[in-house]
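**Q** Per the working numbering: the sequence shown = residues 587 to 709. We put the beta carbon where it would ideally sit given N, CA and C, even for glycine. Quick one: the structure is below, and I'll ask about it shortly.
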Amino acid sequence: MKCPKCSAAMESLRTSHGVIQRCTGCQGLWLDMLVNGDLKQMAGDVDSGDPVTGAKLNKVDRIYCPVCPNSKMLRMVDPLQPHIWFESCANCYGRFFDAGELTDLSERTLEEFFRKFKATARN
Ligand SMILES: [Zn+2]
Ligand SMILES: [Zn+2]
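Right under this line is the structure:
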């Protein structure tokens, strides 16, 4: 699997919440639909990237799902924290977080994400 943002290889990491992928280049994180639970704890384990790199790549938001062919990912924005967003695939529900984003967002549970975040299609 290749990183949807920088095209570097993704490596699998086993966490207590399931297997996630981390980019060997930009250290972005890919969580599939089955990965759920305490994101704060997981962020401490796996979100080791440089937030400065992450913030730069955060602006790259027209990306395709690394799993589903030709599926454009949607930008998910928290209306309460508009500086934070991440990308989600409407097809497989995978999510991509730039380095540092998961740590930033980990105050929230996943259920809260999908209640409060709204997808913004950017065509
Ligand atoms: Zn990358
Ligand atoms: Zn997908």
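Return the CA-CA distance between residue 709 and residue 597, expressed in angstroms with no decimal places.
**A** Taking the first residue of the sequence shown as 1, we reach residue 709 at position 123. Taking the first residue of the sequence shown as 1, we reach residue 597 at position 11. Model confidence at residue 709 stands at a pLDDT of 48, short of 50, so the residue's coordinates are unreliable and nothing is read from them.
**Q** How about residue 651: is its Cβ closer than 7 Å to a heavy atom in ligand 1?
**A** Against the sequence shown, residue 651 aligns to sequence position 65. Incorrect: residue 651 has no Cβ contact closer than 7 Å to ligand 1.
**Q** So, residue 608 versus residue 632, is the Cβ gap smaller than 8 Å?
**A** On the sequence shown, position 22 is the one that residue 608 refers to. On the sequence shown, position 46 is the one that residue 632 refers to. Cβ atoms of residue 608 and residue 632: closer than 8 Å.
**Q** Please find out if some non-hydrogen atom of ligand 1 comes closer than 7 Å to the beta-carbon of residue 591.
**A** Residue 591 sits at position 5 when you count from the first residue of the sequence shown. Yes, ligand 1 has a heavy atom inside 7 Å of this Cβ.
**Q** Opposite residue 608 in the DSSP bridges: which residues?
**A** One-based indexing of the sequence shown puts residue 608 at position 22. Paired residue(s): 597 and 615.
**Q** Put residue 663 into one of helix, strand or coil per three-state DSSP.
**A** By one-based count along the sequence shown, residue 663 stands at place 77. The answer is strand: DSSP assigns residue 663 an E or B state.
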